[in-house]
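Number of protein chains: 2
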Amino acid sequence: MLGISKSTVSRALAGRSDIHPETKKKILDLASQLQYEPNTLAINLKQQKTNTIGVIVPETINRFFARAVGGIQKQADMAGMNVMICQSNESYIAEKKNLHSLMSSRVDGIIVSISTETDRSDQFASLTEKGIPLVFFDRVFEDIVASQVVTNNYEIAMEGTEHLIQQGCKRIAFVTGPEHLFNSRARLNGYLDALRKHNLQVKDSYIVHSHYRSDKVEEYTRYLLNLPQRPDAIFAINDYAALEMIHIMKKNGLRIPQDVAVLGFNNENLCRFVEPSLSSIDHPAHDIGASAAEMLINHIRHHDMKPEKRIIKSSLIIRESSRVQ
Amino acid sequence: MLGISKSTVSRALAGRSDIHPETKKKILDLASQLQYEPNTLAINLKQQKTNTIGVIVPETINRFFARAVGGIQKQADMAGMNVMICQSNESYIAEKKNLHSLMSSRVDGIIVSISTETDRSDQFASLTEKGIPLVFFDRVFEDIVASQVVTNNYEIAMEGTEHLIQQGCKRIAFVTGPEHLFNSRARLNGYLDALRKHNLQVKDSYIVHSHYRSDKVEEYTRYLLNLPQRPDAIFAINDYAALEMIHIMKKNGLRIPQDVAVLGFNNENLCRFVEPSLSSIDHPAHDIGASAAEMLINHIRHHDMKPEKRIIKSSLIIRESSRVQ
DNA sequence: CCCGATCCCGGGAACGGTCTCGGAAAAATA
DNA sequence: TATTTTTCCGAGACCGTTCCCGGGATCGGG
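As given, the protein sequences belong to chains A and B, one line each in that order. Take 1 as the starting number for the first sequence in our numbering and just add one per residue. Take 326 as the starting number for the second sequence in our numbering and just add one per residue.
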């Protein structure tokens, strides 16, 4: 329309300097008048990058991941990047499909928190081979060389367990995730070492490996309550599970925390509003996500960066459900 | 490598018929051997479509939207489409930015649930002009001609209110969303008509317009409790708000439901586990999302479809918090 | 044996931009 | 005035596909 070549138009729109100010103005004016929008697809194809980061999380129904995704999106926003979110629904094959779809969408990098089913890392190895930056958070692999953001699982599980011990509890049950998940194991070790440190007997029957879904809570609660030596404290896998366990125990006439002290995980809002208020581990989900995104963006921009491991500190929040005295 | 033109390769990979089976096999074999992945960017550019649907929701921290997004993703998955999720964080300008970014990503269609701040629809009107299919769910506009999926807000608010009336409550407070949101108004009207039907006085001081965030709950709870004629029932905006309100009222020595009956909204899992268990409105989030996605996909595939309005029924779940007798 | 139909396949434009390169005009310098 | 430098712009290749079109080979019918 202006009798100007597309090269010049491209220069104007990209805001480059080798163009006459007057020509630039004419182009920009006409562009805004026509409501011209550059075709991102074409740009991405030419540039061989999409300016978007892919995310695979187990499920955003889980508030921890919803908050982490929030952190990722905020960080991406600040960097002018887009985010593509996939849910594995805690399924290994769905996770694999997600990965494939993100790769075929040519995302510039991927952030992953693996599903409970996932017990091998080969599908991610091929990513690093292809030079696609990869960052894991919270649920990570030990053996893969990739950047990761985790919390101090071991220490906080130890701290939580010691807190219960200090309240006088001697038979502390521990509900954690699947054994093959690194952070489940780390938490378990923290729990075990706390018991040993205080010369308490470790009983395997007090240890429950569950997945993070809610449909097994009733089952393992009944199991724990029917044990010959009923636990006098429970360190739960998350707050919702803790809440349901408390509900079941109350129905069975048990008092919380006098008969059974309970410690949750994630420090959801509801902890403050239930009765008794729920002690929990504050897990800085938003920060974890933001940190992972920050690392990934660095990897994307500087392809020679070495893998890095960041540890973000959780903290113990003590409320009524674990205050025995 | 095979001495075959790219046209033929394209034919083989696209699975078209005008190709010799033997040639096709050779190509497919080599492709899988080389782990060849077609470049989606190029395909999208050529086809002028991306096979992805964009979603804008207020925030996935809100479990209603997390579940709705789950429904959308499931439906998209079945149709072989991708999903791009954006969060407006209940902000009008963020929503506008999301919309812009989705459009520049050239999504084939968009599903929206508007933010609390959004009180005009012009930014969406331009979408329909450009022929991009658009479906609203839950939080919708009345005035815009577009497909939408909503629940029977009016009827269910009426039913909930009548339930409270039948329990003998006479001073029923109603907490709902901003006035400019259609479903807030629909719910309010259901509430008002229920009162009128049973010849109860409508008092404006019992009606609270809030947003869906949690940080105002304490404020309006105190307001309601300090009213000269304290309400004897509260119909809350969602379950988390109801939980917090119950917590505050208990601290003030009020008994639930004898002194104040409480009815929540969304029927979260926790409703069953709190004390007293929480009556609520079951809001079929997953179905709403799935239904919206189904409609959008239809619109994408058959561009001549007329806008359609679907209503999905919520249901009243009565538990202890509203059973007075 | 000839001719039209059918079956495969290759050439090349197109999608909508970016970017390199070269060259003309204008400005600066000799 | 002649030469060099700078400023600005256009031509055209390119990203990786799809798809239209045209043409050669094979086949069948008359």
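We put the beta carbon where it would ideally sit given N, CA and C, even for glycine.
| Collapsed DSSP secondary structure at A:S126 in the structure displayed | Here A:S126 sits in helix by DSSP.
| So, is A:G168 buried or exposed, given that buried needs 16 or more other C-beta atoms within 10 angstroms? | Looking at its Cβ environment, which holds fewer than 16 other Cβ atoms inside 10 Å, A:G168 is exposed.
| message | Pop quiz: A:K216 and A:S210 are said to be a contact at Cβ under 8 Å. What is the actual Cβ separation, rounded to whole angstroms? | response | Yes, they are in contact, since the Cβ atoms of A:K216 and A:S210 sit about 5 Å apart, within 8 Å.
| In whole angstroms, what separates the C-alpha of B:G396 from that of A:C86? | In a straight line, the C-alpha of B:G396 is about 13 Å away from that of A:C86.
| said: Quick check on B:M403: does DSSP put it in helix, strand or coil? | reply: Of the three classes helix, strand and coil, the one that applies to B:M403 here is helix, per DSSP.
| Buried/exposed call for B:R521, threshold 16 Cβ in 10 Å | Exposed.
| Candidates A:V112, A:Q201 and A:Y154: which alpha carbon is nearest A:Q148's? | For A:Q148, the closest of A:V112, A:Q201 and A:Y154 by C-alpha to C-alpha distance is A:V112.
| request: Consult DSSP for B:V527 and reduce its assignment to one of helix, strand or coil. | output: In this structure, B:V527 counts as coil in the three-state DSSP scheme.
| Top-ranked residue by Cα proximity to B:F598, from A:I207, A:D18, A:T23 and A:S214 | With distances taken between Cα atoms, B:F598 lies closest to A:S214.
| request: Verify the CB distance criterion: does B:Y565 have a CB-CB separation below 8 Å to chain A? | output: Judged by the 8 Å Cβ criterion, B:Y565 is in contact with chain A.
| Pick from A:S115, A:I19 and A:N89: whose alpha carbon is nearest that of A:F141? | Out of A:S115, A:I19 and A:N89, A:S115 has the C-alpha closest to the C-alpha of A:F141.
| Does the beta carbon of B:S440 sit closer than 8 Å to a beta carbon anywhere in chain A? | False, the Cβ-Cβ gap to chain A never drops below 8 Å.
| B:G395 at chain A interface by Cβ criterion, 8 Å | True, the Cβ-Cβ gap to chain A drops below 8 Å.
| When you compare only the Cα positions, how much space is there between B:R336 and B:G589? | If I take the Cα positions, the gap works out to 57 Å.
| query | Can at least three beta-carbon pairs, one atom from the region 233-243 of chain A and one from the region 563-579 of chain B, be found at a separation below 8 Å? | reply | Judged by Cβ distances under 8 Å, the region 233-243 of chain A makes no contact with the region 563-579 of chain B, as fewer than three pairs qualify.
| query | Cβ of B:V716 less than 8 Å from any chain A Cβ? | reply | For chain B, the structure presents residues 326 to 650; residue 716 of chain B sits outside this window and is missing.
| field | Test: A:T221 CB closer than 8 Å to a CB of chain B | value | With respect to chain B, the C-beta atom of A:T221 has no partner C-beta closer than 8 Å.
| Within 7 Å of chain B by C-beta, residues of the region 238-267 of chain A in sequence order | Listed by position, the residues of the region 238-267 of chain A near chain B (Cβ gap below 7 Å) are Y240, L243, E244 and H247.
| From what residue to what residue does the beta strand (DSSP E) around B:H534 run? | Secondary structure note for B:H534: its beta strand (DSSP E) is the uninterrupted segment I532 to H534.
| query | Name the chain B residues whose beta carbon is nearer than 9 Å to that of A:L270? | reply | Simply Y565, L568, E569, L595 and V599.
| Can you check whether the CB of A:L34 is closer than 8 Å to the CB of A:I156? | Cβ distance not < 8 Å, so A:I156 and A:L34 don't count as in contact.
| field | Listed by chain order, chain B residues near A:I311 by CB distance under 7 Å | value | Within 7 Å Cβ-Cβ: nothing; A:I311 doesn't reach chain B, min ~24 Å.
| message | With H, G and I counted as helix, E and B as strand and the rest as coil, what does DSSP make of A:R310? | response | Here A:R310 sits in strand by DSSP.
| message | Judging by CA-CA distance, which residue of A:P228, A:V150 and A:L30 is the nearest neighbour of A:S314? | response | Ranking the options by Cα distance to A:S314, first place goes to A:V150.
| query | Is A:D215 helix, strand or coil by DSSP? | reply | Judged by DSSP in its simplified three-state form, A:D215 adopts coil rather than helix or strand.
| field | Boundaries of the beta strand (DSSP E) in which B:T501 is found, first to last residue | value | That run of the beta strand (DSSP E) goes I497 to T501.
| Quick one: complete beta strand (DSSP E) runs, 3+ long, within the region 566-607 of chain B? | Qualifying beta strand (DSSP E) stretches, in chain order: 586-588 and 605-607.
| said: Within the continuous alpha helix (DSSP H) that includes A:V9, where are the two ends? | reply: Run containing A:V9: K6 to A14, per the alpha helix (DSSP H) assignment.
| Same chain only: Cβ atoms within 7 Å of B:S446, ignoring 5 sequence neighbours per side | Only F466, D468 and I469 meet the Cβ criterion.
| task | Could you have a look at A:M84 and say whether DSSP puts it in helix, strand or coil? | result | Three-state DSSP puts A:M84 in a strand.
| task | Spell out the partners DSSP gives A:I332 in its beta bridges. | result | Shown here, chain A extends from 1 to 325; a query on residue 332 of chain A therefore has no answer.
| task | Return the bridge partner residues of B:G434 from the DSSP annotation. | result | Answer is B:I378.
| Is B:E420 buried or exposed, if buried means 16 or more other CB atoms sit within 10 Å of its CB? | By the 10 Å Cβ count, B:E420 comes out buried.
| In terms of residue numbering, what span does the beta strand (DSSP E) encompassing A:F182 cover? | Looking at the DSSP string, A:F182 is not in any beta strand (DSSP E); the run it does join, the alpha helix (DSSP H), is F182 to K197.
| said: If the cut-off is 9 Å on Cβ atoms, which residues from the region 527-557 of chain B count as contacting chain A, listed in chain order? | reply: So the list reads S539, given in the order they occur along the chain.
| request: Taking 8 Å as the threshold, find out whether the region 362-375 of chain B comes into contact with the region 36-45 of chain A through three or more Cβ pairs. | output: Touching, yes, given that three or more Cβ pairs across the two stretches are closer than 8 Å.
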